[in-house]
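Protein chains in written order, with full-length UniProt numbering: chain H, 1 to 190; chain Z, 1 to 190.
The beta-carbon is built from N, C-alpha and C at its ideal position, and this holds for glycine as well.
Just so it is clear, the structure is predicted and the values come from calculations on it, not from any experiment.
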C-alpha cells in the first residue's frame, strides 16, 4: 500500500530495540484520510470472507478498525486491555504480553457482542510477536465464532508473529511488511 | 441528534451510581455508521471555527474523533492516559480524575503535534464532571493553542461538567443531553 509505505519512509522514526515510532500518523496523531484508505484496502482484501464483526484492541487499532467496519458495514468491537467498572460480568478474558510496555494485559470482550456463526476480522496496528493477535483469536474461538482473517497495518516480518499466525492457518494480510530496522533504516520486505 | 437519541433509548442501560452503559454502540462495540454521522454533526456544528486539529482521549473518543477529523480534513490527536515507552520526552502532561474508574490518570500529548496558532476541537464520548475535558483544554493552553470548541457525544447535564465548561467561556456542543437517570430511566434535557 503505497500511501502507507511513503508515510513510513517519510515520518517513521527508528528507535533502539527494534521500535518503529509512527506517532505522527498512527499511534498518537492520526491521519484520517490514511485511516479511511486503510479501511478500504482491508475491505478489498477480505471481500468475499462474509465478515460479520471487526475486532480490534484499544487504542491504536480503533481508527483503522472503525474505518474497516464502516466499509464492510458491520460493527466494530474493541477489546479492552483491563477490566473497567462498567464491564465486569460475562466477559471473555485472555492474557497477552506486551513487549513494548513490558507488561501482561488482560484482554476482555463482552460475551454479548460475539456469537457462534460470527465471522470475525481481527485488525491491529502492529504485528511483532503476535501476542495480541493470538489473544484476540483465542477470544473469537471462546465465543464459538470463526477468525475470517487478520489485517495488520504494519508487520515487523523479522519478528515471529507473522510466521506463527500463518503456520496456525490464519489468513494474514499486512499492508506494509518490514524486513528489518538495522542502522536506523527501514528495510521493506517487499 | 435523533439517531443517537434513539440508540440511547433502545440500547442504553442505566446502572447504579448514575452510570449509563452504552457499550453496544459507543464504549465497546461501536456502530460505524453512527460514528460517521456523529463526525458529520460535529463538523456542521463547528463549521466556521477554522479547526486545525481534533483532540480526543483514548479509547472511546477515538472513533468519533477520527470521523470528525475526516470530515474536517485535519489530523486527530488522541491523548494517552499513561506514558508509554515510545513517548517519554517532550510531552504535555495534565492530570484528570476518572470517577468511573476511581483513579487519577496522567493525560499526555506530544509537543510535536500541537503549536501556537492551532485551533483545536476537543471531542469526547461522555461529559460528566468535566475532568477529562478540562485536562485536554489545559494541554491546548500549554501548547499556546486555542480551544475552538468542545464536542461531546453524551452529556450528563445533571453533573457539573457542562456548566463549568460554559462558565469558563468554552463553546460546548453536546449531541445528546441527559437530565437524569432516576429509576433506571433516561430523561433527556431537551
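Could you check whether the Cβ of residue 186 of chain H sits closer than 7 Å to any heavy atom belonging to the ligand HEM? Judged by which ligands are present, the structure shown has none, so any question about the ligand HEM falls away.
From H:24, H:11 and H:93, pick the residue whose C-alpha is nearest to that of residue 57 of chain H; which is it? Here residue 57 of chain H is taken as the residue at index 57 of the first chain, counted from 1. For residue 57 of chain H, the closest C-alpha among the options H:24, H:11 and H:93 is that of H:93.
Which residues mark the beginning and the end of the beta strand (DSSP E) in which residue 52 of chain Z is found? Walking along the second chain from the start, residue 52 of chain Z turns up at place 52. Counted as a single uninterrupted DSSP element, the stretch harbouring residue 52 of chain Z is not any beta strand (DSSP E), since DSSP gives it neither H nor E.
Check the DSSP bridge columns for residue 156 of chain Z and list the partner residues they point to. Locating residue 156 of chain Z in the second chain gives position 156, counting from the first residue. Its beta-bridge partners are Z:178.
DSSP three-state call for residue 23 of chain H: helix, strand or coil? Locating residue 23 of chain H in the first chain gives position 23, counting from the first residue. In the structure shown, residue 23 of chain H sits in coil (DSSP, three-state: anything other than H, G, I, E or B).
Quick check on residue 145 of chain Z: buried or exposed, where buried means 16 or more other Cβ atoms within 10 Å of its Cβ? Position 145 of the second chain holds residue 145 of chain Z. A buried status is given to residue 145 of chain Z, since no fewer than 16 other beta-carbon atoms sit within 10 Å of its beta-carbon.
Indicate whether at least one CB of chain Z lies closer than 8 Å to the CB of residue 69 of chain H. As a position in the first chain, residue 69 of chain H is number 69, starting the count at 1. Chain Z has a Cβ within less than 8 Å of the Cβ of residue 69 of chain H.
Do you know whose CA, among H:61, H:75, H:20 and H:158, lies nearest residue 81 of chain H's CA? Locating residue 81 of chain H in the first chain gives position 81, where the first residue counts as 1. Closest by C-alpha distance to residue 81 of chain H, out of H:61, H:75, H:20 and H:158, is H:61.
Looking at the secondary structure, which residues open and close the alpha helix (DSSP H) in which residue 162 of chain Z lies? Indexing the second chain from 1 puts residue 162 of chain Z at position 162. From DSSP, the alpha helix (DSSP H) with residue 162 of chain Z extends over 161 to 167.
Does the beta-carbon of residue 54 of chain H have 16 or more other beta-carbons within 10 angstroms, so that it is buried, or is it exposed? Your numbering for residue 54 of chain H matches position 54 in the first chain. With 16 or more Cβ atoms within 10 Å of its Cβ, residue 54 of chain H is classed as buried.
Residue 153 of chain H: buried (16+ other C-beta within 10 angstroms of its C-beta) or exposed? Walking along the first chain from the start, residue 153 of chain H turns up at place 153. Label assigned to residue 153 of chain H: buried.
Are the beta-carbon atoms belonging to residue 181 of chain H and residue 130 of chain H less than 8 Å from one another? The sequence position of residue 181 of chain H within the first chain is 181, counting from 1. The sequence position of residue 130 of chain H within the first chain is 130, counting from 1. With respect to residue 130 of chain H, residue 181 of chain H sits apart: the two C-beta atoms are not nearer than 8 Å.
Output, in chain order, the set of chain A residues within a Cβ distance shorter than 9 Å of residue 143 of chain Z. The displayed structure is made up of protein chains H and Z, and chain A is not among them.
Going by alpha carbons, who is nearest to residue 122 of chain Z out of Z:21, Z:95 and Z:79? Walking along the second chain from the start, residue 122 of chain Z turns up at place 122. Looking from the CA of residue 122 of chain Z, the closest CA among Z:21, Z:95 and Z:79 belongs to Z:79.
In chain order, which beta strand (DSSP E) runs of at least 3 residues are fully inside the UniProt domain "Phosphoribosyltransferase" (47 to 157) of chain H? Whole beta strand (DSSP E) segments, 3+ residues: 53 to 57, 76 to 79, 91 to 98, 103 to 110, 119 to 127 and 146 to 156.
Output, in chain order, the set of chain H residues within a Cβ distance shorter than 9 Å of residue 113 of chain Z. Counting from one through the second chain, the residue named residue 113 of chain Z turns up at place 113. Identification of chain H residues near residue 113 of chain Z by a Cβ-Cβ cut-off of 9 Å yields 23, 24, 28 and 29, ordered along the chain.
Just to confirm, is the Cβ distance from residue 70 of chain H to residue 39 of chain H under 8 Å? The residue given as residue 70 of chain H occupies position 70 in the first chain. The residue given as residue 39 of chain H occupies position 39 in the first chain. Here residue 70 of chain H is near residue 39 of chain H, since their CB atoms are less than 8 Å apart.
Since residue 5 of chain Z and residue 151 of chain Z are thought to touch, with beta carbons under 8 Å apart, how far apart are those beta carbons, to the nearest angstrom? As a first step, residue 5 of chain Z is located in the second chain; it is residue number 5 there, counting from the start. As a first step, residue 151 of chain Z is located in the second chain; it is residue number 151 there, counting from the start. About 16 Å; that fails the 8 Å criterion.
Classify residue 75 of chain H: buried if its beta carbon has 16 or more other beta carbons within 10 angstroms, exposed otherwise. Here residue 75 of chain H refers to the residue found at position 75 when the first chain is read from its first residue. It counts as buried.
Please check if any C-beta of chain Z sits within less than 8 Å of the C-beta of residue 116 of chain H. Along the first chain, read from residue 1 onward, the residue named residue 116 of chain H stands at position 116. No, its Cβ sits nowhere closer than 8 Å to a Cβ of chain Z.
According to DSSP, residue 225 of chain H sits in a beta bridge with which residue or residues? No answer is possible for residue 225 of chain H: the residues shown for chain H start at 1 and end at 190.
Contact set for residue 133 of chain H: own chain, Cβ-Cβ below 7 Å, skip 5 residues either direction: Counting from one through the first chain, the residue named residue 133 of chain H turns up at place 133. 122, 124, 127, 150, 161 and 165.
CB-CB under 7 Å to residue 29 of chain H, same chain, minus the five flanking residues each way: which ones, in chain order? Numbered from its first residue, the first chain carries residue 29 of chain H at position 29. Non-local beta-carbon contacts of residue 29 of chain H in its own chain, meaning distances under 7 Å to residues more than five positions away in sequence, involve 23 in chain order.
CB-CB under 6 Å to residue 66 of chain Z, same chain, minus the five flanking residues each way: which ones, in chain order? For the purposes of this step, residue 66 of chain Z is taken as residue 66 along the second chain, with counting starting at 1. Excluding positions up to five away in sequence, the list reads 76.
Around the C-beta of residue 73 of chain Z, are 16 or more other C-beta atoms found within 10 angstroms, so that it is buried, or is it exposed? Residue 73 of chain Z sits at position 73 when you count from the first residue of the second chain. When all chains shown are included, residue 73 of chain Z counts as exposed.
Is residue 158 of chain Z near residue 143 of chain Z, with beta carbons less than 8 Å apart? On the second chain, residue 158 of chain Z is found 158 positions in, with the first residue counted as 1. On the second chain, residue 143 of chain Z is found 143 positions in, with the first residue counted as 1. Contact flag unset, no.
Hey, is residue 77 of chain H's beta-carbon within less than 8 Å of any beta-carbon in chain Z? On the first chain, position 77 is the one that residue 77 of chain H refers to. At least one CB atom of chain Z sits nearer than 8 Å to the CB of residue 77 of chain H.
When DSSP builds the beta bridges, which residues end up paired with residue 15 of chain Z? Locating residue 15 of chain Z in the second chain gives position 15, where the first residue counts as 1. Z:19, per the DSSP bridge assignment.
Residue-chain proximity (residue 104 of chain H, chain Z), Cβ-Cβ < 8 Å: For the purposes of this step, residue 104 of chain H is taken as residue 104 along the first chain, with counting starting at 1. So, not an interface residue.
Contact list for residue 63 of chain H against chain Z, beta-carbon separation under 7 Å: As a position in the first chain, residue 63 of chain H is number 63, starting the count at 1. Against chain Z, a Cβ distance below 7 Å from residue 63 of chain H picks out 62 and 66.
At the level of alpha carbons, what is the spacing between residue 33 of chain Z and residue 63 of chain Z? If you number the second chain from 1, residue 33 of chain Z lands on position 33. If you number the second chain from 1, residue 63 of chain Z lands on position 63. Approximately 11 Å, taken between the alpha carbons.
Give me the chain H residues within the contact set of residue 59 of chain Z, using Cβ-Cβ distance strictly less than 9 Å, ordered along the chain. To locate residue 59 of chain Z, count along the second chain from 1; it is residue 59. Ordered by position in chain H, the residues that pass the 9 Å Cβ test against residue 59 of chain Z are 58, 59, 62, 78, 80 and 81.
Residues that residue 200 of chain Z contacts on chain H, provided the C-beta gap is smaller than 7 Å: In the structure displayed, chain Z extends from 1 to 190; residue 200 of chain Z sits before or after that span and is not available.
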